[in-house]
Structure formats: C-alpha cells, structure tokens
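Enquirer: The sequence shown begins at 16 in this note's numbering and counts up by one. Glycine included, every Cβ here is placed at the ideal spot set by N, Cα and C. Since the model is a prediction, treat every value here as computed from it, not as a measurement. This is the structure I want to talk about, given as structure tokens.
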Amino acid sequence: VPDWTAWPFGVENPYPAYRAARERAPVQWNERVGAHLVLSQEHATAVLRGKDWSSDPRNNPQLLASLEEAGSAEVFGKSLLTSDPPTHTRLRSTVNRFFTPRAVRGIHDRVAAIVNAALTPLLEGESIELMGELAYPIPLAVIAELFDVGLEGAEVLGAETPMLARGLELDPAAAEREEIGAAAMRVMLFLVPIVAQRKVDPGDDLLSALIHPPDGGVALEDDEVITMCLLLLAAGHETTANLIGNGAIALFERPDQLDWLAQHPEHSLQAVDELLRYESPVQVVSRVARDDLVLGGVEIRRGEQALVVLGAANRDPTHHPDPDRLDIKRSGASHLAFGLGPHFCVGAGLARLEAQETFVRLAQSLLRPEPGSWSHRRGHSHTFRQLQALHIGHRNLSEADVMHA
Ligand code: HEM
16 VPDWTAWPFG
26 VENPYPAYRA
36 ARERAPVQWN
46 ERVGAHLVLS
56 QEHATAVLRG
66 KDWSSDPRNN
76 PQLLASLEEA
86 GSAEVFGKSL
96 LTSDPPTHTR
106 LRSTVNRFFT
116 PRAVRGIHDR
126 VAAIVNAALT
136 PLLEGESIEL
146 MGELAYPIPL
156 AVIAELFDVG
166 LEGAEVLGAE
176 TPMLARGLEL
186 DPAAAEREEI
196 GAAAMRVMLF
206 LVPIVAQRKV
216 DPGDDLLSAL
226 IHPPDGGVAL
236 EDDEVITMCL
246 LLLAAGHETT
256 ANLIGNGAIA
266 LFERPDQLDW
276 LAQHPEHSLQ
286 AVDELLRYES
296 PVQVVSRVAR
306 DDLVLGGVEI
316 RRGEQALVVL
326 GAANRDPTHH
336 PDPDRLDIKR
346 SGASHLAFGL
356 GPHFCVGAGL
366 ARLEAQETFV
376 RLAQSLLRPE
386 PGSWSHRRGH
396 SHTFRQLQAL
406 HIGHRNLSEA
416 DVMHA
C-alpha cells in the first residue's frame with residue numbers, strides 16, 4: 016500500500032524533483048512509497064497502453080483495503096475508471112457516444128454562452144477569486160446542462176462535487192471517509208428520482224441516454240447509471256477547474272503568449288494542449304501489474320502497483336524539447352494529460368472545448384494582472400494539480416477591458 020507521506024515530489028512545484036528522479040531512472044521502485052514510479056513518457060505510454068496492467072485495485076488486496084478504509088472504494092470501486100475489460104468495455108460503450116467530436120460540436124454554443132455568462136461580470140469588479148468565480152462554475156454548469164437538471168440541480172451538484180472529487184484521490188484521507196460517502200449519498204438522493212422519471216419520460220440528455228441507449232446499445236442497470244453520473248461529475252469538475260486555474264497563472268506569467276492567443280483564437284486548441292502538458296491537471300494515475308514483467312529494466316511482480324506520473328512524463332525532454340518552458344505555439348508531440356489507451360479520458364473533447372472558450376475569452380478581455388498582483392493557494396493533493404484559490408487584485412482596468420466586457 017503506498018505511503019503517500021513519503022511521496023518525494025511535493026505539491027507547490029514538483030517539476031525539478033520529477034526531473035532529477037527521471038534522470039536517475041525513468042522507472043524506479045520506491046521502497047518508502049511502496050510502489051514503482053514511472054516518470055518518462057515512453058514508459059508511461061507502455062503502462063497505459065499495455066494489457067499487462069490493470070486499473071482494478073482488486074488485483075492488489077492491500078490497495079483495495081486501503082481504498083475501502085478511506086471510503087472511496089464504496090463510491091467509485093465499481094466504476095468505469097476502476098474496471099477492466101469486459102466490464103470496462105461495456106460501461107465505456109454507453110458514454111462514448113455522448114462525447115464524440117460531433118456531440119461536442121453540438122454543444123459548442125451552449126459552452127460559449129456559459130463561459131461568457133461566468134466571465135462577463137468578473138471583468139467589472141476590482142478583484143477576482145478565479146477558482147470560485149470562474150474555474151469551478153464553468154464545468155459545473157456544463158455538466159448540469161448535460162444532465163439537464165436545471166438550476167436546482169446545479170446548486171446540489173456544485174455543493175457536493177468538491178468532496179465527491181476527493182473520492183478520486185489516490186491518497187484519500189481516511190478522515191474524510193464519512194464526508195465523501197455523505198456527499199455521494201446526497202447526490203444519489205437527488206439523482207434517483209430524476210433517473211426514475213427519465214425512465215418513463217426520456218429526454219435527449221446524458222442521463223436518458225444511459226438509461227435508454229439509442230440504436231439498441233447496452234443499457235446500464237440503475238446503480239450503474241448513478242455510479243457513472245458520480246464519476247462524470249467528479250472526474251470532469253476538479254480536472255477542468257484546475258486546467259483553467261493553472262492555465263490562467265501560466266498565461267499571466269507570459270503576457271506575450273496571452274496576447275498571441277487573443278490575436279490567434281484559431282490556435283486555441285494547440286494552446287490548450289500546451290497548457291495541459293505544462294500543468295497536467297491529473298498528476299498521477301495508478302495501475303496494478305497483472306503478471307510478472309520487466310519495464311525499463313526493472314523487474315515488476317504480479318500485484319505490484321505502478322504510479323504513472325503524468326506530470327513528469329509530460330515534461331520529458333525526449334518528447335518535449337525545453338519542457339519547462341510554456342510555449343503555446345508548440346505543436347506536434349502528444350501529451351499524456353488525458354491518459355492513453357482504454358481509459359483515455361471520456362471527456363477530453365468537452366474539456367478542451369471548455370478550456371478553449373475560457374482562455375480565448377480571457378485573453379481577449381485584456382485582463383492583464385501585474386506581476387505580483389495575484390496569489391494562489393494549493394490543496395495537498397498529489398493526484399490533482401489542485402488550486403483551491405486564485406486571487407487577482409488591483410487590476411489595471413483599461414477602457415478596452417470595459418468595452419470588451
Ligand atoms: C482538463 C480536464 C480533464 C483532464 C485533465 C482529465 C484527465 C483524465 C485522465 C488522465 C483519465 C485517465 C485515468 C486513468 O487512466 O486511470 C481520465 C479518465 C476519465 N475522465 Fe477525464 N479529464 C478531464 C475532464 C473530464 C471531463 C470533462 C469528463 C466528463 C464530463 C471526464 C470524464 C472522465 C471519465 C469518465 C474517465 C474514465 C475513463 C475510463 O476509465 O475509461 N474527464 N480523465
């Protein structure tokens with residue numbers, strides 16, 4: 016069972032420590048942590064793609080026991096994220112169709128409207144807390160819209176999702192067990208009657224599609240529908256919010272790149288992918304070896320855990336020259352911020368769209384905080400590149416700001 020108190024990389028700026036460790040060995044057993052650390056893009060890719068690796072913690076009884084103790088196994092233990100084929104394949108087929116490029120294009124205007132509604136009032140104020148006022152509300156409004164649960168739904172989901180997302184931490188605190196369970200319970204109590212209603216009166220929303228799959232697809236059982244909703248909520252919210260928050264800091268530090276994005280919104284996709292590479296919202300994912308194997312010269316036994324450090328792989332100089340430099344004009348090399356292989360992020364297209372709209376709108380707003388005029392607070396998460404707050408004050412509002420607003 017990993018001992019996260021021995022995690023060697025810290026949370027404020029883990030990148031120099033990632034680099035030093037990767038230079039020593041791209042794959043290494045860490046005795047104190049109690050897991051293999053995978054730090055290079057090549058080896059991370061091999062694990063995420065490989066059939067020798069499982070996402071199901073049941074393949075390591077001690078790991079399962081620790082997740083059970085922390086309460087997250089109860090909520091997400093039988094979800095898409097923690098299952099292997101054939102269960103994974105069946106669950107995945109029910110959601111894939113909702114997140115196809117075509118489906119995402121279909122909600123483009125709604126996402127743009129949500130971003131606009133969230134950002135416009137902020138440009139009139141003197142100071143902003145960007146996480147609470149922009150970064151968290153945007154993905155929340157989008158998912159509430161996909162579920163079609165209205166304003167009341169958005170309020171319930173908004174209140175519970177941050178604690179729910181704690182259930183996806185690889186190192187959930189046992190102390191939070193009850194709170195994670197209670198948050199999940201409150202979301203369930205809210206969703207159960209809605210699921211019952213959509214059973215008899217389906218709409219064209221995501222919930223209805225899970226219950227009544229179009230074109231004769233496989234329908235989910237009631238409890239699977241609820242688990243899938245909890246996962247979509249938790250997986251889509253914390254990650255997208257942190258992309259927006261960390262991305263904003265990275266761009267404020269490079270106003271030249273913010274200006275370039277304002278002038279070249281047509282390159283927003285490549286800009287977002289660079290921000291994902293530079294500040295990977297999910298820093299670490301976990302796998303368990305299904306068999307004895309060798310990776311990067313290291314012998315790995317069946318049942319041992321690998322912690323794939325996406326944040327380190329995304330700054331691997333072999334794939335990303337000058338990796339510690341943000342360059343939104345960079346294109347080409349693919350990053351691992353959305354994972355890879357069978358568990359590649361379901362919501363990648365949607366998250367990219369939300370981020371493209373937000374960053375272009377932010378860049379064009381001419382909000383250019385002076386260096387030192389913002390401050391942030393990070394959470395203690397090792398799993399997420401978590402920003403709890405980003406205060407921006409003393410902005411020099413120009414006329415152009417006001418006109419844009
Ligand atoms: C910037 C935003 C996001 C990032 C960086 C991100 C990252 C990831 C990563 C790294 C994985 C793979 C985990 C693994 O291999 O163990 C994943 C899976 C997943 N993501 Fe995302 N995600 C984001 C947004 C979203 C959104 C918006 C949704 C849905 C609304 C979503 C839903 C999911 C689901 C359901 C899975 C599980 C897929 C599976 O196990 O087959 N994510 N995400």
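Comparing the CB of Pro-357 with every heavy atom of the ligand HEM, is any distance shorter than 7 Å?
Expert: Under cutoff, so the answer is yes.
Enquirer: Is any heavy atom in the ligand HEM found nearer than 7 Å to the beta carbon of Leu-365?
Expert: Indeed, a heavy atom of the ligand HEM lies less than 7 Å from the Cβ.
Enquirer: Pick helix, strand or coil for Ser-301, following the three-state DSSP scheme.
Expert: Correct three-state label for Ser-301: strand.
Enquirer: Can you name, in chain order, every residue of its own chain whose Cβ lies under 6 Å from the Cβ of His-335, other than the five neighbours on each side?
Expert: The answer, listed in chain order, is Ala-348.
Enquirer: If you reduce the DSSP assignment to three classes, tell me which class Ser-108 lands in.
Expert: Looking at Ser-108 - three-state DSSP - the assignment turns out to be helix.
Enquirer: Per DSSP, what are the beta-bridge partners of His-143 in this structure?
Expert: According to the sequence displayed, residue 143 carries Ile and not His. Partner(s): Ile-407.
Enquirer: Taking a contact to mean a Cβ-Cβ separation below 8 Å, would you say Pro-296 touches Thr-242 in this structure?
Expert: The answer is no: Cβ separation not under 8 Å.
Enquirer: Between Ser-69 and the ligand HEM, is there a pair consisting of the residue's CB and a ligand heavy atom that are separated by less than 7 Å?
Expert: No, the Cβ of Ser-69 stays beyond 7 Å of every heavy atom of the ligand HEM.
Enquirer: Verify whether the separation of the beta carbon atoms of Asp-331 and Gln-56 is less than 8 Å.
Expert: Cβ atoms of Asp-331 and Gln-56: closer than 8 Å.
Enquirer: Any heavy atom of the ligand HEM closer than 7 Å to the beta-carbon of Arg-73?
Expert: Result no, Cβ not under 7 Å from the ligand HEM.
Enquirer: Can you list, in chain order, the residues of its chain with a C-beta nearer than 7 Å to that of His-123? Leave out the 5 residues immediately preceding and following it.
Expert: Answer for His-123: Leu-368, listed in chain order.
Enquirer: Could you tell me whether the segment 175-183 touches the segment 248-268, using the rule of 3 or more Cβ pairs below 8 Å?
Expert: Yes, the segment 175-183 is in contact with the segment 248-268.
Enquirer: Could you check if Leu-247 belongs to the surroundings of the ligand HEM, using beta carbon to heavy atom distance under 7 Å?
Expert: Answer for Leu-247: yes, Cβ within range of the ligand HEM.
Enquirer: Using the beta-carbon count (16 or more within 10 Å), is Val-272 buried or exposed?
Expert: Note that residue 272 is Gln in the sequence shown, not Val. Flag for Gln-272 reads buried.
Enquirer: Would you report the Cα separation of Gly-49 and Pro-76, rounded to the nearest angstrom?
Expert: Approximately 14 Å, taken between the alpha carbons.
Enquirer: My output table needs one value for Val-26: the three-state DSSP class, helix, strand or coil.
Expert: In the structure shown, Val-26 sits in coil (DSSP, three-state: anything other than H, G, I, E or B).
Enquirer: Are the segment 162-175 and the segment 124-137 touching, with three or more C-beta to C-beta distances below 8 Å?
Expert: Because the criterion of three Cβ pairs below 8 Å is not met, the segment 162-175 and the segment 124-137 do not touch.
Enquirer: Does the beta carbon of Leu-221 come closer than 8 Å to any beta carbon on chain D?
Expert: Chain labels in this structure do not include chain D; a single protein chain is all it has.
Enquirer: Evaluate Pro-101 with the Cβ neighbour count: other Cβ atoms within 10 Å of its Cβ, from every protein chain shown; 16 or more gives buried, anything less gives exposed.
Expert: Classification for Pro-101: exposed.
Enquirer: Check for me: the alpha helix (DSSP H) holding Val-130 runs from which residue to which?
Expert: Element bounds for Val-130: 123-134.
Enquirer: By DSSP, does Glu-46 sit in helix, in strand, or in coil?
Expert: Three-state DSSP puts Glu-46 in coil, outside helix and strand.
Enquirer: Could you tell me if the beta carbon of Arg-34 falls within a distance shorter than 7 Å of some heavy atom in the ligand HEM?
Expert: Not under cutoff, so the answer is no.
Enquirer: With a 10 Å radius around its C-beta and 16 neighbouring C-beta atoms as the bar for buried, classify Glu-167 as buried or exposed.
Expert: Exposed is the call here.
Enquirer: Taking all protein chains shown into account, decide if Ser-69 is buried (16 or more other Cβ within 10 angstroms of its Cβ) or exposed.
Expert: Ser-69 should be labelled buried.
Enquirer: Residue range of the alpha helix (DSSP H) that Gln-56 falls in?
Expert: It spans 56-64 - the alpha helix (DSSP H) in which Gln-56 sits, taken as one unbroken run.
Enquirer: What's the gap between the Cα of Ala-32 and the Cα of Ala-277?
Expert: Going by the C-alpha atoms only, they are around 34 Å apart.
Enquirer: Leaving out the 5 sequence neighbours to the left and right, which residues in its chain are closer than 6 Å to Ile-143 when beta-carbon positions are compared?
Expert: Same-chain partners within the cutoff: Leu-137 and Ile-407.
Enquirer: At the level of alpha carbons, what is the spacing between Ala-118 and Glu-319?
Expert: Cα-Cα distance, rounded: 39 Å.
Enquirer: Since His-391 is in the beta strand (DSSP E), which residue starts that stretch and which ends it?
Expert: Note, His-391: beta strand (DSSP E), 389-393.
Enquirer: Please state the DSSP three-state secondary structure of Ile-343.
Expert: DSSP places Ile-343 in coil when its eight states are reduced to three.
Enquirer: Could you tell me the distance, in whole angstroms, from the CA atom of Tyr-293 to the CA atom of Ala-328?
Expert: The straight-line gap from Cα to Cα measures roughly 10 Å.
Enquirer: May I ask which residues mark the beginning and end of the alpha helix (DSSP H) holding Val-375?
Expert: Per DSSP, Val-375 belongs to the alpha helix (DSSP H) from 363-379.
Enquirer: For Glu-239, tell me which candidate among Glu-84, Glu-38 and Thr-109 has the shortest Cα-Cα distance.
Expert: Answer by Cα proximity: Thr-109.
Enquirer: Compute the Euclidean distance between the alpha carbons of Asp-337 and Glu-160, then round it to the nearest angstrom.
Expert: Going by the C-alpha atoms only, they are around 40 Å apart.
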